[in-house]
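The structure under discussion appears below in the form of structure tokens.
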Amino acid sequence: MLGASTLKTCLEAATALEQAVTAGNMAAAQDALLTQKGTPRKLSDKVVGIETVRQAQDCLMDVAQAQAQHEAWLHQQRMARLTRVLVVEYAQLKRERGWIDMGDLERAALALMSDPVLSGWVQERLDARVRHLLIDEFQDTNPLQWQALSAWLSSYGGAGNAPSVFLVGDPKQSIYRFRRAEPQVFKAARRFVAQCLGGDLLSCDHTWRNAPAIMGLVNQVMGQAQDAGEFDGFRSHSTESKAEGAIYRLPRISRDVDTMVLARKRERLGLMQAELAALHIPAQQPEKNDLSDMPEVQDLVALLDVLVSPAHDLSLARALKSPVFGASDDDLVQLALRQRALRDGDTPLPWLDVLLQPTDSPALLPGSWPASLVAAAQALAQWKVWVASLPPHDALAAIYHHGDVLSRYAAASPATQRESTLANLRALLAAALQVDGGRYTTAYALVRALRAGGIPAPVRADATAVRLLTIHGAKGLEAPLVLLLDTDGEPVKSQTMGVLVDWPGEAAYPKRLVFLASESRPPACVADALTTEQAARKREELNALYVALTRTQHTLVVSSLQPHIPNAGSWWQRLHAQAQDAPWLAAPDDLADWLPATNPDFSLSCLPNLPLALVNLAQSAMKTIVDTEQQEDKDSLESRIGQAMHRLLERYVPASNAAAVWPSFTLLETTAQEFALDTAQIDLARGMAQTILHGEGAWAWDASQLAWQGNEVAVVHRGRLLRMDRLVQCRSGDGTLGQWWVLDYKSTGQPHLQSALREQLLAYRTAVAQAHPQHPVRAAFLTAQGSLIEIDAP
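Positions in the sequence shown are counted from 1; adding 9 to them yields this note's numbering.
This is how it looks when you write it as structure tokens:
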């Protein structure tokens, strides 16, 4: 029928369909008569027998839907199998580590409250202690939490000794669905209190917080949403506030302007903070408490990064432009030009190598070399040596002192931000001791740990600072003036690899849990669940708007960035018509005169770093005597097993409980990961360590015989930094302080026959003897064969 037509589209469809049927290719047949979206192709109604063609298209759509359903079923089975494995493995990991998570607490509470044997015993004790139960923010409760609570409270149905129950919540403020909080749980609890406990339902639509203008905006926006079927349960609010209030809108940021100010997500707030910093306006993010997020800390992390990874040009660029060196953009251009002049073949030199080139090299470009880069080259050359040879904390402290880091940042910071900046820099120095105890880590590991985050920044309250918050972080707070950013967000895209959960508030468990590969192509069986989920998301977006508006006491300002794709339901579209243009105050022509100036002459009277004498000593401590085992290829298996043995012994602490297991699973696992060892190899290292601990030198861990003990003890001897595996002082027979022992672990059986190892151990002994001349000092090797081999001076 299609082939009999003279139209090009019909002929092409006929040819494609004939080839597909001949080849038995169902997918090609679908492509011939359906679009990529799975809808019927628009073929001319003038085709003779077009009804039959339409029936064929309907048949193909039915087949496609059946295929999608089958693929969804297969996906569900695969994800279910994977999830069961992950749940078992995760539970095993928690048992081994002694961990519990929030889900464990919730499930334990439910078990205690609903178990037929335990629940009576638990509820009896709750009865004796709890007379009044108040739960605030109840709209943030998830179904599992409500099941545990209702299991307890349902036992009071009709009883006279029930505690008073007061649940406070507002479904309009439910914005935690990502934590499985569901407004329907609040509705279920409301029915329960009324029907089972005979409670009263009270509503409050009156506030003391918001000005009449703000409350009028809330009523208008939420009322319109309710009229459009997007919202329910809203009643007009009233207010006790006498402030007039105002609603402004900022000029819309068009897409053709090279500017981006977004704040719907936490990371976007950093951009606003940077802009405020440029205007010398204090700002802080109460939710943002990670040290690695602080700009000044990122500067120093970039500095450490380039010192351990010289090819990281971007890190060097950041370090050079920081207050530590104060290089300008023009200075970096000069550096890039010099790199080009020194280029050898196709591979350019890293910027750090270019920077450290002699300034009188004939290969360099003519002209003056920026003073900032000259100073940076001298400092970086010295600091590179420190980072390579000193513990990270010591190297960083020396850099702080040598580079006058705190004073430079203090001078570059506005007075309103100075104390916060200095507190973060000092916290960075302290963080170098938090990562793996500060003694066993490397500069590279420190950089990775800092960039991974998790180290809290010092908290400083500043009542005059602008608070930068997400909507979730602002919940429960209020302010006279609130600025809303990113109010014209683009429509949310369809999600992939997600989960749909249908869990009624009163149900003991979910009705359905669906692993959905793609929301844009859902199988027929989840169409209703997906529609419900999407409606809940839209409702939560309106809830977030309600929360945002009701944080405002009297003045609201809204801002937006013109989206690529218009969103008719965005906050901007709902608010901008009710707002007036914000009054615009142009900055003076000379902005520098208007802004508070920094103080380039500012200096700190005292820096909490290493004394200068120790810094000078550190400079001379570059040629450390190195263990012969460390001189070998560090990647060799023997060396890595020996290093693992040392690490286990470093962390050994005699347990007071005889049943305690050493080393712990965690210590074994982390040590194996650090030195790239498999199970058999880390077991070998453990066996060697245990042989030392129970061998001829076992007394060196007997607290009853020791007056002092320490692992990885550092001393400076003749300008060299030495680290002893173990140093102990024995008690004399009368209980007084006795002789010292310097103990060195070796994986080899006869280390005393190697002159380099003997000289090393003798140097340790000499250093201790000079520090404690009143006591005898002895030295010995402890071998992996369990021997104690004492050495004497040659």
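Don't be surprised by glycine CBs; every beta carbon is placed ideally from N, CA and C.
No experiment lies behind these values; they were computed from the predicted model shown.
Tell me whether residue i sits in a helix, a strand or coil according to DSSP, three-state version.
i, result
"ALA220", "coil"
"ALA13", "coil"
"GLN101", "helix"
"ARG475", "The question names Arg, yet the displayed sequence has Val at residue 475. In the structure shown, VAL475 sits in a strand (DSSP, three-state: E or B)."
"THR248", "strand"
"GLN783", "coil"
"HIS321", "coil"
"LYS108", "One point to set straight first is that residue 108 is Trp, not Lys, in the sequence displayed. Looking at TRP108 - three-state DSSP - the assignment turns out to be coil, as it is neither helix nor strand."
"SER173", "strand"
"TYR773", "helix"
"ILE59", "helix"
"LEU95", "helix"
"LEU26", "helix"
"CYS739", "strand"
"ASP299", "strand"
"VAL333", "coil"
"ALA716", "strand"
"GLU21", "helix"
"VAL139", "coil"
"THR757", "coil"
"LEU158", "helix"
"PRO192", "helix"
"VAL126", "coil"
"ALA488", "strand"
"ALA630", "Because ALA630 carries a pLDDT of 41, less than 50, the predicted location of this residue cannot be relied on, and the following value inherits that uncertainty. Three-state result, ALA630: coil."
"ILE464", "coil"
"THR561", "strand"
"LEU762", "helix"
"LEU493", "strand"
Return the bridge partner residues of residue i from the DSSP annotation.
i, result
"ALA788", "VAL751, ILE800"
"VAL508", "PHE524"
"ASN576", "Bridge partners of ASN576: none, in fact."
"TYR555", "DSSP lists no partner for TYR555."
"ALA37", "Answer is none; ALA37 lacks a bridge partner."
"MET733", "VAL722"
"ARG258", "VAL567, ASP590"
"LEU43", "PRO49"
"HIS215", "SER247"
"ILE144", "LEU176"
Between residue i and residue j, is the Cβ-Cβ spacing less than 8 angstroms?
i, j, result
"VAL567", "THR496", "yes"
"GLU809", "ASN219", "This structure cannot speak to residue 809, because the chain is shown only from 10 to 803."
"LEU259", "GLN587", "no"
"ALA320", "PRO357", "no"
"TYR773", "LEU715", "no"
"ALA452", "VAL396", "yes"
"PRO572", "GLU499", "yes"
"LEU437", "LEU309", "yes"
"ALA255", "ALA222", "yes"
"ILE184", "ALA553", "yes"
"ALA517", "GLN85", "no"
"PRO489", "GLN562", "yes"
"LEU657", "ALA707", "no"
"ALA23", "ASP40", "no"
"ALA421", "PRO513", "no"
"PRO172", "PRO180", "no"
Any Cβ of chain D within less than 8 angstroms of the Cβ of residue i?
i, result
"GLN66", "Of the protein chains in this structure there is only one, and it is not chain D."
Can you round the beta-carbon distance between residue i and residue j to whole angstroms, since I take them to be within the 8 angstroms contact cut?
i, j, result
"LEU752", "ALA709", "6 angstroms"
"LEU142", "VAL177", "Their Cβ separation, rounded to whole angstroms, is 11 angstroms, which puts LEU142 and VAL177 out of contact at 8 angstroms."
"LEU686", "ARG649", "6 angstroms"
"ILE834", "GLY795", "Because the chain in this structure spans residues 10 to 803, residue 834 falls outside the shown range and cannot be described."
"ALA789", "TRP750", "7 angstroms"
"VAL94", "THR150", "That pair is no contact at about 30 angstroms."
"LEU69", "LEU42", "6 angstroms"
"LEU770", "ILE800", "6 angstroms"
"LEU323", "LEU341", "Not a contact, Cβ separation roughly 11 angstroms."
"LEU736", "GLY719", "5 angstroms"
Are three or more beta carbon pairs between the stretch 386-401 and the stretch 312-327 nearer than 8 angstroms? yes
Can at least three beta-carbon pairs, one atom from the stretch 197-209 and one from the stretch 575-595, be found at a separation below 8 angstroms? no
Per the contact definition of three or more C-beta pairs closer than 8 angstroms, is the stretch 516-532 in contact with the stretch 79-89? yes
Taking three-plus beta-carbon pairs below 8 angstroms as touching, is the stretch 453-464 in contact with the stretch 530-542? no
Counting Cβ pairs, one atom from each stretch, are 3 or more of them under 8 angstroms apart for the stretch 539-552 and the stretch 87-102? no
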